[in-house]
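Chemist:
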Amino acid sequence: MPELPEVQCVVNSIKDKIENKKIKKIVRFSKNLREPLSNDLFKLENSTVKKIIRRGKYIIITLESNKDFYLIVHLGMTGSLLFKEKNQKKEKHDHLKIEFENFDLIYNDIRKFGFVIIDDSLKDNKYIKKLGVDPLKNSFENGEFLFKSSRDKNRDVKVFLLDQSIVAGIGNIYIMEALFLTKLNPKIKVKDLTFIECVNLSKTLVFLLEESIKLGGSSISDYKDADNKKGSFQDKFLIYGKKTCSICLSEVEKIKQNGRSTYFCPVCQKL
DNA sequence: ATCCCCACCTGGCCGC
DNA sequence: TGCGGCCAGGTGGGGA
């Protein structure tokens with residue numbers, strides 16, 4: 017489900033409701049997510065939510081009790097955070113309930129590829145410390161980062177941009193859409209991109225991510241924000257999941273790159 | 001150091 | 001209707 021825009025929309029939908037609110041109680045329904053839901057999570061009880069941010073595809077909630085600590089959430093493929101009224105009964109795939117005074121926040125995850133962990137430090141956290149630059153910050157859109165970081169990299173451009181340790185937040189769909197819009201073949205070696213191509217691709221990625229956030233993200237099958245609202249950016253897809261090219265009507269090709277599917281138009285996106 | 005591939009898990013869809 | 005096979009927004013780890 018969730019690439020950068022979807023995660024940002026979840027953050028946007030919970031931010032105002034839980035900031036400065038106190039967590040009353042934690043209820044754990046199961047343990048075996050990608051990272052087990054540990055007993056440390058009970059430290060959340062009686063702490064106060066200070067701040068919520070997105071970093072790559074991670075949701076980071078800063079909590080205040082004696083000293084600050086962090087709740088780190090990754091949604092995997094099917095994770096969601098959902099507001100529920102008090103005393104609703106547990107639904108299938110609910111794993112964790114964070115109870116506030118007037119509502120509950122539920123972590124639900126069908127495939128259990130996500131996780132919810134606690135850490136005292138962000139910069140030492142094994143997941144967060146590995147993340148690359150955020151494409152919505154650091155002037156990523158000027159293309160210089162992509163150009164400079166890729167000069168010696170003999171990897172397909174699509175695979176390179178999916179590497180979260182280089183750029184954090186881009187996922188399979190948005191990279192495909194960006195390559196289609198810039199008429200770049202996903203198999204081009206990233207070191208072969210010209211500076212102008214790096215500029216175009218970077219700008220296009222940022223444009224797509226920001227447009228998607230404005231539309232509430234993309235809802236394929238089951239994505240929803242914490243208020244149960246679906247996004248509509250999936251209606252803007254030009255290549256992902258398509259049979260024919262929306263520009264030239266050629267048959268869209270579907271290939272695998274590093275085990276992930278890639279859709280592209282062999283005519284518009286010639287190598 | 002890099003790169004590729006697989007496993008992790010559940011459910012939906014397609015074809016027989 | 002049922003069952004097998006394949007696919008899905010992600011990622012860490014192990015082997016080459």
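Counting in my numbering, the first sequence tops out at residue 287, every number present. Even for Gly, the Cβ is constructed at its ideal location relative to N, Cα and C. If you're wondering where the values come from, they're calculated on a predicted model, not measured in any experiment.
Residues in the same chain with beta-carbon distance under 8 Å from C284, minus the five sequence neighbours each way, listed in chain order, please.
Modeler: The residues are F196, K199, C261, I263, C264, S266.
Chemist: On the criterion of 16 or more Cβ atoms from any shown chain inside 10 Å, does G275 qualify as buried, or is it exposed?
Modeler: Exposed, because fewer than 16 other Cβ atoms sit within 10 Å of the Cβ of G275.
Chemist: Going by the CB atoms, is the gap between K106 and F45 shorter than 8 Å?
Modeler: It is a contact, given that the beta carbons lie within the stated cut-off.
Chemist: How far does the alpha helix (DSSP H) with V23 in it reach, from first residue to last?
Modeler: Taken as a continuous stretch (DSSP letters only), the alpha helix (DSSP H) holding V23 covers 20-34.
Chemist: Output needed for K100: all residues of its chain with C-beta closer than 6 Å, excluding positions within five of it in sequence on either side, in chain order.
Modeler: Result list for K100: D120, I122, in chain order.
Chemist: For D125, which residues does DSSP report across the bridge?
Modeler: BP columns for D125 point to G95.
Chemist: Using the three-state DSSP reduction, which class does D120 fall into: helix, strand or coil?
Modeler: If DSSP states are grouped into helix, strand and coil, D120 belongs with the strands.
Chemist: With C-beta atoms as the reference, is I39 less than 8 Å away from F58?
Modeler: Result no, Cβ atoms of I39 and F58 do not sit closer than 8 Å.
Chemist: Just verifying my parser: in three-state terms, what is the DSSP assignment at E115?
Modeler: Three-state DSSP puts E115 in a strand.
Chemist: Just to confirm before moving on: does the CB-CB distance between G257 and G247 stay below 8 Å?
Modeler: Result no, Cβ atoms of G257 and G247 do not sit closer than 8 Å.
Chemist: If you measure between the beta carbons of F253 and E269, is that distance less than 8 Å?
Modeler: No, the pair does not count as a contact, with Cβ atoms beyond the cut-off.
Chemist: Determine the burial state of Q24: buried for a count of at least 16 other Cβ atoms within 10 Å of its Cβ, exposed for fewer.
Modeler: Looking at its Cβ environment, which holds 16 or more other Cβ atoms inside 10 Å, Q24 is buried.
Chemist: Using the beta-carbon count (16 or more within 10 Å), is P52 buried or exposed?
Modeler: By the neighbour-count rule (16 or more Cβ atoms within 10 Å), P52 is not buried but exposed.
Chemist: What is the residue span of the beta strand (DSSP E) that E80 lies within?
Modeler: Segment 74-80, the beta strand (DSSP E) holding E80.
Chemist: Determine the direct distance from the alpha carbon of I34 to that of E61, and round the result to whole angstroms.
Modeler: Rounded to whole angstroms, E61 to I34 spans 14 Å at the Cα level.
Chemist: Report all residues from its chain with a CB closer than 8 Å to the CB of Y190; omit the five preceding and five following residues, and keep chain order.
Modeler: Cβ within range, chain order: E19, L20, P21, L221, L224, L225, S228.
Chemist: In or out: L287 buried (at least 16 other Cβ within 10 Å) or exposed?
Modeler: So L287 ends up on the exposed side.
Chemist: Taking the C-alpha atoms as reference points, what is the distance between V215 and V27?
Modeler: Answer to the nearest angstrom: the Cα atoms are 28 Å apart.
Chemist: Relative to the alpha-carbon of N201, which residue among S181, V183, V173 has its alpha-carbon at the smallest distance?
Modeler: Looking at the Cα atoms, V173 is the closest of the given residues.
Chemist: Which value, in whole angstroms, describes the spacing of the CA atoms of L112 and K67?
Modeler: Each residue's alpha carbon lies about 20 Å from the other.
Chemist: Leaving aside the five residues before and after I204 along the sequence, list all residues of the same chain whose C-beta is less than 6 Å from its C-beta, in chain order.
Modeler: Here the set comprises V173.
Chemist: Kindly list the residues whose CB is nearer than 7 Å to the CB of K328, restricted to its own chain and excluding five residues on each side of it in sequence; keep chain order.
Modeler: Because the chain is modelled from 17 through 287, residue 328 falls outside the range shown and cannot be assessed.
Chemist: Identify whether E160 lies in helix, strand or coil by the three-state DSSP scheme.
Modeler: Helix.
Chemist: So for K205, helix, strand or coil by DSSP?
Modeler: Note: K205 maps to strand in three-state DSSP.
Chemist: Give me the Cβ distance between F116 and K37, rounded to the nearest whole Å; I'm assuming they're in contact under 8 Å.
Modeler: Sure, about 5 Å apart at Cβ, within 8 Å.
Chemist: If we require 4 or more residues per run, which alpha helix (DSSP H) segments fall completely within the region 185-262?
Modeler: Within the region 185-262, the complete alpha helix (DSSP H) runs of at least 4 residues are 188-197, 211-230.
Chemist: Kindly indicate which three-state DSSP category V175 falls into: helix, strand or coil?
Modeler: In this structure, V175 counts as helix in the three-state DSSP scheme.
Chemist: Just mark N141 as buried or exposed, buried being the case when its beta carbon has 16 or more other beta carbons within 10 Å.
Modeler: Buried, since its Cβ has 16 or more Cβ neighbours within 10 Å.
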